[in-house]
Amino acid sequence: MPGQTFVPHRPVTRLPGMIRIGSVVLRVEDLARQKAFWMAALDYVDREGDDDDFALLRPRDGTGPNLSLDEHAAPASLPPRIHLDLYAEDQDAEIERLLALGARRVEWAKRPADADYVILEDPEGNRFCVVDASG
C-alpha cells in the first residue's frame with residue numbers, strides 16, 4: 001500500500017468457524033482476455049464449469065485466496081477503492097514479466113521515492129501494486 005513498508009506475514013491462530021477471505025472478485029469487460037492475463041500473472045488455474053460471464057481462478061498449489069472474474073461493465077474509478085498488492089521476491093523480474101503479459105506501469109506523482117511498491121494496471125486498467133518482499 002502507498003506509504004507503507006512490507007511486513008512479513010505472521011501466522012494467526014484461527015478460531016473454529018472464523019471467517020477468511022476466500023475470493024477477491026474483480027469486474028472485467030473481456031472475460032477471456034482477463035482470465036488469460038491473471039492466470040499467467042498469478043500461476044492460477046481455472047475452475048471447470050464456470051459460466052460464460054464468470055470465472056473462479058484458484059492458486060495452482062491451493063494456497064491463498066481465489067480471484068474471481070465477473071464479466072460486467074463497470075466504470076473504473078480513480079483512485080480505485082480496492083486493489084491487489086502482489087508480493088514479489090524479485091520485484092524487477094516480476095514487473096518485467098507482468099509488462100510482457102500486457103500490464104502497464106502507472107505513474108503517480110505522490111509515490112514516495114523510497115516506496116517498496118510499483119503500481120501497474122492489467123489490460124483493462126485495473127490497478128495493482130507489486131511490492132518488494134525480498135527484505
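The sequence shown maps to residues 1 to 135 in full-length UniProt numbering. Heads up, the beta-carbon is just placed ideally off N, CA and C, and yes, glycines get one too.
Close Cβ partners of residue i (< 8 Å) along its chain, the five nearest in sequence each way excluded
| i | result |
| --- | --- |
| L120 | I95, L98, L99, A103, R104, R105, V106, R127, F128, C129, V130 |
| M1 | Caution applies to M1, whose pLDDT of 46 falls short of 50 and renders its modelled position unreliable; the value that the coordinates give is listed next. Contacts found: D85, Y117, C129. |
Residue i in three-state terms, based on DSSP
| i | result |
| --- | --- |
| E89 | coil |
| A55 | strand |
| E121 | strand |
| L99 | helix |
| R111 | coil |
| R20 | coil |
| M1 | Here M1 scores only 46 on pLDDT, less than 50, and its place in the model should not be relied on; the value that follows carries that caveat. Coil at M1, not helix or strand. |
| A32 | helix |
| A133 | coil |
| A40 | helix |
Sub-9 Å separation of residue i and residue j beta-carbons
| i | j | result |
| --- | --- | --- |
| F54 | E71 | yes |
| R47 | L31 | no |
| G22 | N66 | yes |
| residue 217 | L26 | Past the edges of the chain, shown from 1 to 135, lies residue 217, and the structure says nothing about it. |
| D122 | W38 | yes |
| K35 | L69 | yes |
| A133 | A93 | no |
| R60 | Y44 | yes |
Bridge-paired residues (DSSP) for residue i
| i | result |
| --- | --- |
| R27 | D70 |
| V45 | R58 |
| F128 | L84, L120 |
| L105 | For the sequence presented, residue 105 should be read as Arg rather than Leu. Answer by DSSP bridge pairing, in chain order: L120. |
Same chain, Cβ closer than 6 Å to residue i, neighbours up to 5 away in sequence not counted
| i | result |
| --- | --- |
| H83 | R127, F128 |
Cβ neighbours of residue i in the same chain (closer than 7 Å, five flanking residues each side left out)
| i | result |
| --- | --- |
| A40 | L101 |
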